[in-house]
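> Residue numbers (our numbering), protein chains in the order written: chain G, 10 to 522; chain L, 2 to 48; chain Y, 264 to 411. Cβ atoms here follow ideal geometry from the backbone N, Cα and C, with glycine treated the same way.
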Amino acid sequence: FDDPAGLHEKTEFLLREWVNMYHSPQAGRDSFKAFNAFVQQMHTQGILKTDDLITRFFRLCTEMCVDLCYRALSEAGQSQTMIRAKCFHTLDAFVRLIALLVKHSGDTNTVTKINLLNKVLGIMAGVLLQDHEVRFAEFQQLPYHRIFIMLFIELNAPEPILEAINFEVLTAFCHVFHILRPAKAPGFAYAWLELISHRVFIGRLLALTPNQRGWGFYAQLLVDLFKILAPFLRNADMTKPVQLLYKGTLRVLLVLLHDFPEFLCDYHYAFCDVIPPNCIQMRNLILSAFPRTMRLPDPFTVNLVVEHLPDINKAPRILTNIVSLIQPASFKKDLDSYLKSRAPITFLSELKSNLQANPQGSRYDIPLINALVLYVGTQAIPLLQTKGVSMSTIAPSSHMDIFENLAVNLDTEGRYLFLTAIANQLRYPNSHTHYFSCALLYLFRQANDQTIQELITRVLLERLIVNRPHPWGLLITFIELIKNQNFKFWDHEFVRCAPEIEKLFENVARSCY
Amino acid sequence: PGIDLTTLGLNLNSPENLYSMFQSPFAESACRPQDIDYHVPAEYLTN
Amino acid sequence: PLGPIQLTKDQHYQLSNLEAAYHHLPHPSDSERMRHFLPRNPCPTPTYYPSATFPHADTVELYQRCSTETLFFIFYYMEGTKAQYLAAKALKKQSWRFHTKYMMWFQRHEEPKQITEEYEQGTYIYFDYEKWGQKKKEGFTFEYRYLE
Chain G
10 FDDPAGLHEK
20 TEFLLREWVN
30 MYHSPQAGRD
40 SFKAFNAFVQ
50 QMHTQGILKT
60 DDLITRFFRL
70 CTEMCVDLCY
80 RALSEAGQSQ
90 TMIRAKCFHT
100 LDAFVRLIAL
110 LVKHSGDTNT
120 VTKINLLNKV
130 LGIMAGVLLQ
140 DHEVRFAEFQ
150 QLPYHRIFIM
160 LFIELNAPEP
170 ILEAINFEVL
180 TAFCHVFHIL
190 RPAKAPGFAY
200 AWLELISHRV
210 FIGRLLALTP
220 NQRGWGFYAQ
230 LLVDLFKILA
240 PFLRNADMTK
250 PVQLLYKGTL
260 RVLLVLLHDF
270 PEFLCDYHYA
280 FCDVIPPNCI
290 QMRNLILSAF
300 PRTMRLPDPF
310 TVNLVVEHLP
320 DINKAPRILT
330 NIVSLIQPAS
340 FKKDLDSYLK
350 SRAPITFLSE
360 LKSNLQANPQ
370 GSRYDIPLIN
380 ALVLYVGTQA
390 IPLLQTKGVS
400 MSTIAPSSHM
410 DIFENLAVNL
420 DTEGRYLFLT
430 AIANQLRYPN
440 SHTHYFSCAL
450 LYLFRQANDQ
460 TIQELITRVL
470 LERLIVNRPH
480 PWGLLITFIE
490 LIKNQNFKFW
500 DHEFVRCAPE
510 IEKLFENVAR
520 SCY
Chain L
2 PGIDLTTLGL
12 NLNSPENLYS
22 MFQSPFAESA
32 CRPQDIDYHV
42 PAEYLTN
Chain Y
264 PLGPIQLTKD
274 QHYQLSNLEA
284 AYHHLPHPSD
294 SERMRHFLPR
304 NPCPTPTYYP
314 SATFPHADTV
324 ELYQRCSTET
334 LFFIFYYMEG
344 TKAQYLAAKA
354 LKKQSWRFHT
364 KYMMWFQRHE
374 EPKQITEEYE
384 QGTYIYFDYE
394 KWGQKKKEGF
404 TFEYRYLE
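Okay, here's the thing in structure tokens:
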């Protein structure tokens, strides 16, 4: 609003001027000669006089670039290649101008550079969100996608001036991509996934930034991606657009599993918290990650003694603050008190209602169930360190009281969510995998009701019958269940409840044997 | 049963990192060298 | 076992936006610098044409097995890409050297008649990208300041 009179015309003139200078053979290496001359023109036109004017200049330029693209895209009879050449002719020049202004503003003052970058990215985001809202189904991702990716690549060129501010550049882009997450701009979702999975973006954020300082930002962007997919995957509502986004997500996760498994290990909890419970294969993909330094023993090894594995007592890194997820504080206080002294005695009888007090309207507070399960387990493990975790040491304990209470008192949905939370900890050899594997088998053995045993079996089986990959902890737990006579697994009637189920069990058992 | 993840166009047995040749979440194959922008010496920009 | 949940109004809005965006998806070229000389022009080819990239496509060893004409084609037509960089490396391994003023690749045809600190002089083969062919040049002075 309130653009000064004449600013629009001035901006249009300057943008046109710059595009011509950028493409002229005299532009010099990286357009630097042209840039020096053009900055003089910006001074002459008074554009650089105040922050406000610079901001308006960038917004107007962005809108002009976007309008040019919409016009090119609406021209009939043009090939995609022609349309793109026309759009990129101006967009790439505009990107170069921004990159040069960021690089050369404030001389050696890096704060000035980063402030300008954040301002420009914020302006882009504002123009995109408004355009997205106004045009709805006619919204085109092309101009914004091009500007963001080419600006990111330009600002990640191997130049000393840029290396010095690279982490701030990365965080600025992560910030704007979070603002533009698919839940906020679903019409930009495909381009957004292209942007956050671009090889330069992944390389910089996950590989080249020292001390994994970029991992938390990337984890947030992946959570943003899972959140847009969740409701549609939850209903298995796989329209073609959702299917494409889902398959694209699987590709990105495969790259991460192959190149950065430790990243998936560290953030598995946050990801499983937002991935719908019925999204079995995608979740298995994340749970199958294990540190590259680790050699997984073949889960089918005869008489594999898990307790003797070197890493089995090491706690995995969980980069989510579980404690903060257990709300309200009064519930957390009672929980700690019960774990410590099995009081207040009402804790168990009120437990189910605490897990159902869910603001979002769905019947159970899934994040609370997930946090409770992991918290209780991590509280139990240190107490077992001396005796060692095993079927005979994990109970009796206040921790297993809680798990048994949930297994017995919850309804089918609640029980399924509870057992899913446990199964989500069955990963590579570590103390959590070991404890929760024992807990699950203990609940199976103690169950006084076949429906609990059937549901435990179902939670394991549904993860085994999908295409690979399968987490190591899942395999060893199921193998133990079907091999160890103490569980009398094959005596249960649900194993033979239908011919195809019986056949399925035999197939899985055969592959295990 | 999910998808056979080996059919998504990624060479999951590659000893090299996949991300440096990753073309797109929507592409059925990895990048070719001519698809990858590279900081070549300025003298090579002959056109 | 949980059954479907009712989509919220927001989620319906998101879904319809996704469906609209599905009809103008990003192109691979949207994330690449403009290729003035070999733009991506997707065109349907018979299914039996090889399409996936073959392994080790981005190694100098593979480029060393290409003919020099192929390397020159890659160098001049795939400017600014990893392919150009690999082609240049392969050419250098075959004793070609890039003249940054003429922007052409030269190879000694025989030992130079004269070598000083600043230049060498003798008979060379060079690849003329305008006439697209290899030529011999006698008595050529290759000034080292133009050696890449």
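Could you check what DSSP says for methionine 51 (chain G) in three-state terms: helix, strand or coil?
Your numbering for residue 51 (chain G) matches position 42 in the first sequence. Correct three-state label for methionine 51 (chain G): helix.
> Which residue spans inside the region 397-430 of chain G form an unbroken alpha helix (DSSP H) run of at least 4?
Listed in chain order, they are 407-418.
> Where do the N-terminal and C-terminal ends of the alpha helix (DSSP H) with glycine 225 (chain G) fall, by residue?
As a working mapping, residue 225 (chain G) is identified with position 216 in the first sequence. Its alpha helix (DSSP H) spans residues 224-243.
> DSSP three-state label for lysine 376 (chain Y), please.
Stepping through the third sequence from its first residue, residue 376 (chain Y) is reached at position 113. Here lysine 376 (chain Y) sits in coil by DSSP.
> Going straight from the alpha carbon of alanine 94 (chain G) to that of alanine 102 (chain G), what length do you get?
In the first sequence, the residue the question calls residue 94 (chain G) occupies position 85. In the first sequence, the residue the question calls residue 102 (chain G) occupies position 93. Rounded to whole angstroms, alanine 94 (chain G) to alanine 102 (chain G) spans 12 Å at the Cα level.
> Among residues of its own chain, excluding the 5 on either side of valine 209 (chain G), which ones have a beta-carbon nearer than 8 Å to its beta-carbon?
Residue 209 (chain G) sits at position 200 when you count from the first residue of the first sequence. Taken in chain order, the residues that qualify are Phe161, Ile162, Asn165.
> Contact check, leucine 171 (chain G) vs lysine 128 (chain G) under 8 Å by CB: the rounded distance?
Along the first sequence, one-based indexing puts residue 171 (chain G) at 162. Along the first sequence, one-based indexing puts residue 128 (chain G) at 119. Actually they are not in contact, since the Cβ atoms of leucine 171 (chain G) and lysine 128 (chain G) sit about 18 Å apart, beyond 8 Å.
> Just the Cα atoms here: how many angstroms apart are proline 240 (chain G) and leucine 270 (chain Y)?
Along the first sequence, read from residue 1 onward, the residue named residue 240 (chain G) stands at position 231. Along the third sequence, read from residue 1 onward, the residue named residue 270 (chain Y) stands at position 7. Using only the alpha carbons, I get a separation of about 7 Å.
> Does the beta carbon of aspartate 36 (chain L) sit closer than 8 Å to a beta carbon anywhere in chain G?
The count along the second sequence starts at 1 and reaches residue 36 (chain L) at position 35. No, its Cβ sits nowhere closer than 8 Å to a Cβ of chain G.
> Does the count of Cβ pairs from the region 10-21 of chain L and the region 259-266 of chain G closer than 8 Å reach three?
In short, these stretches touch, since the Cβ pair count reaches three.
> For alanine 166 (chain G), which residues in chain L fall below 7 Å Cβ to Cβ?
Translated into positions along the first sequence, residue 166 (chain G) becomes position 157. Per Cβ cutoff of 7 Å: His40.
> Do you know offhand how far threonine 395 (chain G)'s Cα is from leucine 296 (chain G)'s?
Taking the first residue of the first sequence as position 1, residue 395 (chain G) is located at position 386. Taking the first residue of the first sequence as position 1, residue 296 (chain G) is located at position 287. Cα to Cα, threonine 395 (chain G) sits roughly 28 Å from leucine 296 (chain G).
> For asparagine 363 (chain G), which residues from the same chain have a beta carbon less than 6 Å from its beta carbon, with the 5 sequence-adjacent residues on both sides left out?
Within the first sequence, the letter at position 354 stands for residue 363 (chain G). Excluding sequence neighbours, asparagine 363 (chain G) sits near Phe340.
> Rounding to the nearest angstrom, what Cα-Cα distance links methionine 22 (chain L) and glutamine 150 (chain G) in this structure?
Taking the second sequence and counting its residues from 1, one reaches residue 22 (chain L) at position 21. Taking the first sequence and counting its residues from 1, one reaches residue 150 (chain G) at position 141. Their backbone Cα atoms lie some 24 Å apart in a straight line.
> Measure the C-alpha to C-alpha separation of glycine 423 (chain G) and tyrosine 373 (chain G) and round it to an integer number of angstroms.
Taking the first residue of the first sequence as 1, we reach residue 423 (chain G) at position 414. Taking the first residue of the first sequence as 1, we reach residue 373 (chain G) at position 364. Distance between the alpha carbons of glycine 423 (chain G) and tyrosine 373 (chain G): 7 Å.
> Cα separation between glycine 55 (chain G) and histidine 141 (chain G)?
Within the first sequence, numbered from 1, the residue matching residue 55 (chain G) stands at position 46. Within the first sequence, numbered from 1, the residue matching residue 141 (chain G) stands at position 132. Those two C-alpha atoms are separated by around 32 Å.
> Using DSSP with H/G/I as helix, E/B as strand and the rest coil, what is glycine 385 (chain Y)?
In the third sequence, residue 385 (chain Y) corresponds to position 122, counting from 1. Looking at glycine 385 (chain Y) - three-state DSSP - the assignment turns out to be strand.
> Determine the extent of the alpha helix (DSSP H) in which threonine 333 (chain Y) is found, giving its start and end residues.
Position 70 of the third sequence, counted from the first residue, corresponds to residue 333 (chain Y). Looking at the DSSP string, the run of the alpha helix (DSSP H) that includes threonine 333 (chain Y) is 331-340.
> From alanine 389 (chain G) to arginine 292 (chain G), what does the alpha carbon distance come to, in whole angstroms?
Here residue 389 (chain G) is taken as the residue at index 380 of the first sequence, counted from 1. Here residue 292 (chain G) is taken as the residue at index 283 of the first sequence, counted from 1. Looking at the two C-alpha atoms, the distance is approximately 25 Å.
> If you measure beta-carbon to beta-carbon, which residues of the region 242-271 of chain G are closer than 9 Å to chain Y?
Hits within the stretch, in order: Arg243, Asn244, Ala245, Asp246, Thr248, Lys249, Pro250, Val251, Leu253, Leu254.
> For chain Y, find out if any of its Cβ atoms is closer than 8 Å to the Cβ of serine 33 (chain G); answer yes or no.
Along the first sequence, one-based indexing puts residue 33 (chain G) at 24. Judged by the 8 Å Cβ criterion, serine 33 (chain G) is not in contact with chain Y.
> Please say whether glutamine 24 (chain L) and proline 267 (chain Y) have beta carbons closer to each other than 8 Å?
Working through the third sequence from its first residue, we reach residue 267 (chain Y) at position 4. Working through the second sequence from its first residue, we reach residue 24 (chain L) at position 23. Not in contact: proline 267 (chain Y) and glutamine 24 (chain L) (Cβ atoms no closer than 8 Å).
> Pairs of beta-carbons, one from the region 30-48 of chain L and one from the region 118-127 of chain G, closer than 8 Å: are there three or more?
Segments in contact, no.
> Compare the C-beta of serine 292 (chain Y) with all C-beta atoms of chain C and state if any pair is closer than 8 Å.
In the structure shown, chain C does not exist; the protein chains are G, L and Y.
> Please identify the residue among G:Leu470, G:Glu471, G:Leu452 whose C-alpha is closest to the C-alpha of glutamine 462 (chain G).
Position 453 of the first sequence, counted from the start, is the residue given in the question as residue 462 (chain G). Cα-wise, what sits closest to glutamine 462 (chain G) is G:Leu452.
> Residues of chain G with a CB under 9 Å from the CB of methionine 297 (chain Y): which are they?
Your numbering for residue 297 (chain Y) matches position 34 in the third sequence. Those are Arg93, Ala94, Phe97, His98, Asp101, listed as they occur along chain G.
> Ordered along the chain, which non-local residues of its own chain (more than five positions away) have a Cβ less than 8 Å from that of serine 33 (chain G)?
Here residue 33 (chain G) is taken as the residue at index 24 of the first sequence, counted from 1. Once the five neighbours on either side are set aside, the close Cβ partners of serine 33 (chain G) are Ala43.
> In the DSSP output, which residue or residues are listed as bridge partners for leucine 410 (chain Y)?
Translated into the one-based positions of the third sequence, residue 410 (chain Y) becomes position 147. Note: leucine 410 (chain Y) sits in a beta bridge opposite Y:His362.
> For the candidate residues G:Cys274, G:Leu450, G:Ala146, whose alpha-carbon lies nearest to that of arginine 301 (chain G)?
For this step, residue 301 (chain G) is matched to residue 292 along the first sequence. Per the Cα distances, G:Cys274.
> Measure from the C-beta of serine 518 (chain G) to each C-beta in chain Y and report whether the shortest distance is under 8 Å.
Your numbering for residue 518 (chain G) matches position 509 in the first sequence. Looking at the sequence shown, residue 518 (chain G) is not serine but alanine. By this cut-off, alanine 518 (chain G) is not an interface position.
> Looking at the secondary structure, which residues open and close the beta strand (DSSP E) in which tryptophan 368 (chain Y) lies?
Taking the first residue of the third sequence as 1, we reach residue 368 (chain Y) at position 105. It spans 367-371 - the beta strand (DSSP E) in which tryptophan 368 (chain Y) sits, taken as one unbroken run.
> Which same chain residues, not among the five before or five after phenylalanine 269 (chain G), have their C-beta less than 6 Å away from its C-beta?
For this step, residue 269 (chain G) is matched to residue 260 along the first sequence. Excluding residues within five positions, the ones whose Cβ falls inside 6 Å are Leu215.
> Can you tell me where the alpha helix (DSSP H) with histidine 154 (chain G) in it begins and where it stops?
For this step, residue 154 (chain G) is matched to residue 145 along the first sequence. Histidine 154 (chain G) -> alpha helix (DSSP H) spans 151-163.
> In the DSSP assignment, find the unbroken alpha helix (DSSP H) run with arginine 208 (chain G) in it and report its ends.
As a first step, residue 208 (chain G) must be located in the first sequence, where it is residue number 199. Where arginine 208 (chain G) is concerned, the enclosing alpha helix (DSSP H) stretches over 208-211.
> Measuring only the C-alpha atoms, how far is histidine 154 (chain G) from aspartate 500 (chain G)?
Here the question's residue 154 (chain G) lines up with position 145 in the first sequence. Here the question's residue 500 (chain G) lines up with position 491 in the first sequence. Straight-line Cα distance between these residues: approximately 59 Å.
> Using the DSSP secondary-structure output, state which residues sit across from glutamine 394 (chain G) in a beta bridge.
As a position in the first sequence, residue 394 (chain G) is number 385, starting the count at 1. BP columns for glutamine 394 (chain G) are empty, so no partner.
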